[in-house]
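J.:
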């Protein structure tokens, strides 16, 4: 047999973390500085790419939505956004309650910064073309314009731009991401930070998994009030979609299974055919829950100031920014890096730690997203069922 063993992104990230820790204990200074140099350049490129990711994916998504205006569209989009906001705020308040007692008290000794560990041989400045909020506003303007202006030149243009950005992510960012994570953990090991951070990883992941199960239960309890069905039976019917998403790590790839199970749950075919593909793009409860929880945990760990107002701003923007996240593992976290930096004040090293935390749970977040799509479909079906 000559078949090659293919390791997924999660596997490569895990290997990169393990190697970064192991090599960090024995690495000579020249190698550590070489890794720090790569991370400096890659981090600058990532910062340059962030506004382009937002513009390239949000604008076409809004253009597609605007082209199908109607009461059901508005209701479904509002409901998906409300579910996403609820998941984000639930994650924040749960984390604010539990995380301070779980995170090491020596946070002030574990600050992740480019100044810790080793210095790169050189630095390179690659400034982004525009600030994050400028990119978001421009994406809305261009997306709405493409939806309502006659002619399809602009629509083709932003669609092709999305393909270019997706190509950059798939062919540059994703292949080099494990190397970036390796360098970050090597640097943390050299700086003596890695032990406390990794121990925090495990407990945070457990809490996030429990939260996403509770979010799904609550979503189906809400749906049961509309559909007048048993919420546990409804949730059980959607389990094939849940487990399919665990394997595919893609809401889009799971659409056929989600659609089939929503119909089996009692949703009419017309409503299911409309809501399920739409929600695969705009409903991000699981992703938002993970990003908020991971960001809060890192801020507590680092001794960074935070409050409910700051996270309300972050969650509101996040629910919009990560719609139509690229159909790749970790797409939502890539689209949210700009908000992490601009609103929460994350450094490149903290963003890298967010990527590692998020991708470690990417399958569960996607499964939460697609399973919740069934609850939204049931509510929409009840409200728009033909008499």
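In my numbering, the protein residues as written are 32 to 418. The beta carbon of each residue, even a glycine, is placed where N, CA and C say it ideally should be.
Applying the 10 Å Cβ sphere with the 16-neighbour rule, what's the burial state of residue 88?
T.: It is buried - the Cβ of residue 88 has at least 16 other Cβ atoms within 10 Å.
J.: Give the straight-line distance between the Cα atoms of residue 348 and residue 365, rounded to the nearest whole angstrom.
T.: So the two alpha carbons sit approximately 14 angstroms from each other.
J.: What are the uninterrupted segments assigned as beta strand (DSSP E) that are 3 or more residues long and contained completely in the region 248-298, given in chain order?
T.: Listed in chain order, nothing qualifies, since the region 248-298 has no complete beta strand (DSSP E) run of 3 or more residues.
J.: Quick one: is residue 232 near chain C, going by C-beta distance under 8 angstroms?
T.: Within the model displayed, chain C is absent; a lone protein chain is all it includes.
J.: According to the Cβ coordinates, are residue 205 and residue 75 closer than 8 angstroms?
T.: In this structure, residue 75 does not lie closer than 8 angstroms to residue 205 by Cβ.
J.: Can you list, in chain order, the residues of its chain with a C-beta nearer than 6 angstroms to that of residue 190? Leave out the 5 residues immediately preceding and following it.
T.: Within the same chain, residue 190 has close Cβ partners 91.
J.: Looking only at its own chain, which residues have a Cβ that is under 7 angstroms from the Cβ of residue 247, when we skip the five neighbours before and after it?
T.: Cβ within range, chain order: 266, 399, 402, 403.
J.: Is residue 316 helix, strand or coil by DSSP?
T.: In the structure shown, residue 316 sits in a helix (DSSP, three-state: H, G or I).
J.: Considering only residues of the region 315-383, which uninterrupted alpha helix (DSSP H) runs meet the minimum length of 4 residues and lie entirely inside it, listed in chain order?
T.: Qualifying alpha helix (DSSP H) stretches, in chain order: 316-333, 339-352, 362-373.
J.: Out of curiosity, what's the CA-to-CA distance linking residue 79 and residue 252?
T.: Computed Cα separation, rounded: 43 angstroms.
J.: From 377, 408, 343, pick the residue whose C-alpha is nearest to that of residue 116; which is it?
T.: The candidate whose alpha carbon is nearest that of residue 116 is 343.
J.: Check residue 386 in the structure and name its three-state DSSP category.
T.: In this structure, residue 386 counts as helix in the three-state DSSP scheme.
J.: By a C-beta neighbour count over all protein chains shown, 10 Å radius and 16 as the cutoff for buried, is residue 338 buried or exposed?
T.: Exposed: under 16 other Cβ atoms inside 10 Å.
J.: How should residue 407 be labelled, buried or exposed, when 16 other C-beta atoms within 10 angstroms of its C-beta is the threshold for buried?
T.: Counting Cβ neighbours within 10 Å, residue 407 comes out buried, since at least 16 surround it.
J.: Leaving out the 5 sequence neighbours to the left and right, which residues in its chain are closer than 8 angstroms to residue 165 when beta-carbon positions are compared?
T.: Counting only Cβ-Cβ distances below 8 angstroms, and skipping sequence neighbours, we find 82.
J.: Sort 70, 85, 77 by Cα distance to residue 150 and report the nearest one.
T.: Comparing Cα-Cα distances from residue 150 to each of 70, 85, 77, the minimum goes to 70.
J.: Restricting to Cα atoms, I'd like to know which of 299, 258, 218, 192 is closest to residue 63.
T.: Comparing Cα positions, the closest option is 218.
J.: Candidates 380, 60, 110, 126: which alpha carbon is nearest residue 350's?
T.: Closest option to residue 350, Cα to Cα, is 110.
J.: With distances taken from CA atoms, which of 176, 177, 133, 210 is nearest residue 43?
T.: Selected option, being the one with the closest Cα: 210.
J.: Alpha carbon to alpha carbon, what distance is there between residue 396 and residue 277?
T.: Roughly 9 angstroms between the two C-alpha positions.
J.: Does the beta-carbon of residue 180 have 16 or more other beta-carbons within 10 angstroms, so that it is buried, or is it exposed?
T.: Residue 180 is exposed by the Cβ-count criterion.
J.: According to DSSP, is residue 121 helix, strand or coil?
T.: Helix.
J.: What is the DSSP secondary structure of residue 139, counted as helix, strand or coil?
T.: The predicted model places residue 139 with a pLDDT of 43, which falls under 50 and marks its position as unreliable; any figure quoted below should be read in that light. DSSP places residue 139 in helix when its eight states are reduced to three.
J.: Just verifying my parser: in three-state terms, what is the DSSP assignment at residue 150?
T.: Residue 150 falls in the coil class under three-state DSSP.
J.: Going along the chain, which residues of its own chain have a beta-carbon closer than 6 angstroms to the beta-carbon of residue 126, five neighbours each way excluded?
T.: These residues qualify, in order along the chain: 324, 327.
J.: Quick one: using the 10 Å Cβ neighbour count with 16 as the cut-off for buried, is residue 318 buried or exposed?
T.: Under this definition residue 318 is a buried residue.
J.: In whole angstroms, what is the alpha-carbon distance linking residue 175 and residue 195?
T.: In a straight line, the C-alpha of residue 175 is about 21 angstroms away from that of residue 195.
J.: Going by DSSP, what residue range makes up the alpha helix (DSSP H) through residue 204?
T.: No alpha helix (DSSP H) contains residue 204, which DSSP labels as neither H nor E.
J.: Can you tell me whether DSSP reads residue 160 as helix, strand or coil?
T.: The answer is coil: DSSP assigns residue 160 none of H, G, I, E or B.
J.: Taking C-alpha atoms, which residue in 270, 373, 379 lies nearest to residue 167?
T.: For residue 167, the nearest C-alpha among the options comes from 373.
J.: Under 8 angstroms by Cβ, that's how I've got residue 271 and residue 292 pegged, so tell me the actual separation to the nearest angstrom.
T.: Indeed, because the Cβ distance is near 6 angstroms, the residues count as touching under 8 angstroms.
J.: What are the boundary residues of the alpha helix (DSSP H) that includes residue 183?
T.: Segment: none, residue 183 is in no alpha helix (DSSP H) and carries neither H nor E.
J.: Measuring CB to CB, does residue 238 end up less than 8 angstroms from residue 129?
T.: Cβ distance < 8 angstroms, so residue 238 and residue 129 count as in contact.
J.: Rounding to the nearest angstrom, what Cα-Cα distance links residue 412 and residue 304 in this structure?
T.: Answer to the nearest angstrom: the Cα atoms are 11 angstroms apart.
J.: Quick check: the Cα distance between residue 310 and residue 244, rounded to an integer number of angstroms?
T.: Cα-Cα distance, rounded: 19 angstroms.
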